[in-house]
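Chains as they are written, first to last, in this note's numbering: chain A, 1 to 121; chain B, 1 to 121; chain C, 1 to 121; chain D, 1 to 121.
So this is what it looks like as structure tokens:
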């Protein structure tokens, strides 16, 4: 599978089928899935705890670390996609809407090259 | 945009263009993005802190809560996608690989209807 | 050591000495320690992912789970205390100040038996 | 209150009294409190998202940021202490036990000046 020709819906369907085959929908409440996303996000974070931001870029060329990071990132996506499945959320639509909102909060001329929160720009 | 006909690559491109227009790639190291994903995951979590798992399902029919939850979930996706952008990760491929691994860890006959970790099955 | 006769300062001193002996203060920036606290908090969270809140109370009587949970909670305290060490924060004072603020946000007569955020009371 | 003469038990008692007065123990299951600790840890993290670790040290001299950071750190302590309250955990004892374990994992001669995980030392 490649990002260039994989519609989001295909991945949503696979993730849902995996849960349904195991009768796991009973555990997949929004509350529980929000915890699972946080837990997986922290496992990704853990790989970069004591590094400088620059070193974290270079480290991604290390095959062993990269393989672990790919697994953690995949877990985040899987639980976030399952969250969308159980709540009937259209992922492409909410990303589009949030990016439109972010474009208003962070207009290019004010935000360019700056990392401050929009309330401080 | 709809999940059914939006390839992942389209969303990756949009998220990348947003960052590039603002010259934000300098801030988007793997370390910093892993923190951003965690921060957004926690904002999603926060909506369900004191609820029962069952109530969290019912609550998603509340329009106001739903709108907030959609924003938090979108933020998680946006930063996770940007993480894939800056590290050159093929999202569909890592999800497929991780689900194959999960299928080995959690075979249907052992995992059906159970929430234990695979090491305890 | 017992909570009843252990001043916070004693624990702060021990945690600091541990880091200093290992020349770890160079890694203990506020940014990095905030990540470490989040990572450890997520490890605690992970033990309760798929349970009901009620079951999570009962489970703490399981000796094996309890031992693991105690380790995760200890890690959270250790990194939070080290954060206070490196930033010169008086823990007792900030807790006292925050509880005074919380008492204003959540007066007993309005908040009793309710889990809503103060903005919704 | 000062760390030098405040026993942990005093703070535990205050945190417990606050919850009891509001009849909040019904919400304070281990599961829910583990979520609250994670949510507060992420709020602390959020202040340091795009900074270098070095800048995060310098920033703590900024009075406005410092005041916010103190509030987030206090929240982490308050929920971690309440977790200990509801589960009957002796905080000083678990910290002492975890530090003894860490001393074994990270002996001074091997760990000095190094940030690798003990499994990689």
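Ideal Cβ placement from N, Cα and C applies to all residues, glycine included.
Keep in mind it's a predicted model, so treat the numbers as computed, not measured.
Legend entry - Spatial neighbours of residue 111 of chain B in its chain, beta-carbon cut-off 7 angstroms, leaving aside the 5 residues before and after: Excluding sequence neighbours, residue 111 of chain B sits near 121.
Legend entry - Extent of the continuous alpha helix (DSSP H) to which residue 31 of chain B belongs: From DSSP, the alpha helix (DSSP H) with residue 31 of chain B extends over 30 to 46.
Inset, instruction - Buried or exposed for residue 107 of chain A, please, with buried defined as at least 16 other CB atoms from any protein chain shown within 10 angstroms of its CB. - result: By the neighbour-count rule (16 or more Cβ atoms within 10 Å), residue 107 of chain A is not buried but exposed.
Inset, instruction - Could you name the residues of the region 16 to 43 of chain D whose beta carbon sits closer than 8 angstroms to any beta carbon of chain B, in the order they occur along the chain? - result: Residues passing the 8 angstroms Cβ filter: 27, 32, 35, 36, 38, 39, 41, 42, 43.
Inset, instruction - Let me know the secondary structure DSSP gives residue 107 of chain A once reduced to three states. - result: Of the three classes helix, strand and coil, the one that applies to residue 107 of chain A here is coil, per DSSP.
Inset, instruction - Anything in chain A within Cβ reach of residue 52 of chain D, meaning under 8 angstroms, just list it in chain order. - result: The answer, in chain order, is 52, 53.
Legend entry - Endpoints, the alpha helix (DSSP H) within which residue 78 of chain B is located: First-last of the alpha helix (DSSP H) with residue 78 of chain B: 63 to 87.
Inset, instruction - Figure out for me which residue from B:78, B:109, B:59 has the closest Cα to the Cα of residue 40 of chain B. - result: Answer by Cα proximity: B:78.
Inset, instruction - Provide the residue span of the alpha helix (DSSP H) that contains residue 15 of chain C, from first to last. - result: Per DSSP, residue 15 of chain C belongs to the alpha helix (DSSP H) from 8 to 21.
Legend entry - CB contact flag (residue 8 of chain D, residue 64 of chain C, <7 angstroms): No. Outside cutoff.
Inset, instruction - Verify the CB distance criterion: does residue 121 of chain A have a CB-CB separation below 7 angstroms to chain C? - result: No, because no Cβ of chain C sits closer than 7 angstroms to the Cβ of residue 121 of chain A.
Legend entry - Between the CA atoms of residue 81 of chain D and residue 88 of chain D - distance to the nearest angstrom: When rounded, the distance between both Cα atoms is 10 angstroms.
Inset, instruction - Under 6 angstroms Cβ to Cβ from residue 86 of chain B, same chain only, skipping five residues before and after it: list those, please. - result: So the qualifying residues of the chain are 28.
Inset, instruction - Could you pull the start and end residues of the alpha helix (DSSP H) that residue 56 of chain B belongs to? - result: From DSSP, the alpha helix (DSSP H) with residue 56 of chain B extends over 53 to 59.
Inset, instruction - Please decide whether residue 122 of chain B counts as near chain D, where near means a Cβ-Cβ distance under 7 angstroms. - result: Since the first residue shown for chain B is 1 and the last is 121, residue 122 of chain B is missing from the structure and cannot be characterised.
Inset, instruction - Output yes if chain A places a C-beta closer than 7 angstroms to the C-beta of residue 65 of chain B; else output no. - result: False, the Cβ-Cβ gap to chain A never drops below 7 angstroms.
Legend entry - residue 76 of chain A versus residue 37 of chain A: straight-line alpha-carbon distance, rounded: Those two C-alpha atoms are separated by around 5 angstroms.
Legend entry - Where residue 51 of chain C falls, given that 16 or more other Cβ within 10 Å makes a residue buried: A residue is called buried when at least 16 other Cβ atoms come within 10 angstroms of its Cβ; residue 51 of chain C meets this threshold and is buried.
Legend entry - residue 96 of chain D in three-state terms, based on DSSP: It is helical.
Inset, instruction - Could you tell me whether the Cβ atoms of residue 1 of chain C and residue 58 of chain D are closer together than 7 angstroms? - result: Residue 58 of chain D sits away from residue 1 of chain C, with the two beta carbons spaced by 7 angstroms or more.
Inset, instruction - Indicate the three-state DSSP secondary structure (helix, strand or coil) for residue 90 of chain A in the structure shown. - result: Residue state for residue 90 of chain A is assigned as coil, using DSSP reduced to three classes.
Legend entry - Beta-carbon proximity of residue 94 of chain B to residue 46 of chain A, cut-off 7 angstroms: For residue 94 of chain B and residue 46 of chain A, no; Cβs fall outside 7 angstroms.
Inset, instruction - Measure the alpha-carbon distance for residue 102 of chain B versus residue 42 of chain C and round it to whole angstroms. - result: One Cα belongs to residue 102 of chain B, the other to residue 42 of chain C, and the distance between them is close to 21 angstroms.
Inset, instruction - Output yes or no for whether 7 angstroms exceeds the beta carbon distance between residue 56 of chain D and residue 31 of chain C. - result: Result yes, Cβ atoms of residue 56 of chain D and residue 31 of chain C sit closer than 7 angstroms.
Inset, instruction - Verify the CB distance criterion: does residue 9 of chain A have a CB-CB separation below 7 angstroms to chain B? - result: Answer yes: the Cβ-Cβ gap between residue 9 of chain A and chain B drops below 7 angstroms somewhere.
Legend entry - CA-to-CA distance, residue 60 of chain A to residue 15 of chain A, given in whole angstroms: So the two alpha carbons sit approximately 27 angstroms from each other.
Legend entry - Inter-residue spacing [alpha-carbon to alpha-carbon] between residue 23 of chain C and residue 113 of chain B: Cα-Cα distance, rounded: 49 angstroms.
Legend entry - Beta carbon proximity, residue 115 of chain A to chain D, threshold 7 angstroms: For residue 115 of chain A, at least one C-beta of chain D is nearer than 7 angstroms to its own C-beta.
Legend entry - Cβ neighbours of residue 115 of chain B in the same chain (closer than 7 angstroms, five flanking residues each side left out): Around residue 115 of chain B: no qualifying Cβ.
Legend entry - Under 7 angstroms between C-beta atoms of residue 84 of chain D and residue 98 of chain C: No, they are not a contact pair.
Inset, instruction - Quick one: list the residues of chain A neighbouring residue 49 of chain C, beta-carbon separation under 7 angstroms, in chain order. - result: Going along chain A in sequence order, the residues near residue 49 of chain C (Cβ under 7 angstroms) are 32, 35, 36, 39.
Inset, instruction - Verify the CB distance criterion: does residue 61 of chain D have a CB-CB separation below 7 angstroms to chain C? - result: So no, residue 61 of chain D is outside the interface.
Legend entry - CB contact below 7 angstroms: residue 5 of chain D versus chain C: By this cut-off, residue 5 of chain D is an interface position.
Legend entry - chain D within 7 angstroms of residue 68 of chain C, Cβ atoms only: No, residue 68 of chain C does not count as interfacial toward chain D.
Legend entry - Buried versus exposed, by CB contacts within 10 Å (16 or more), residue 3 of chain A: With 16 or more neighbouring CB atoms inside 10 Å of its own CB, residue 3 of chain A falls in the buried class.
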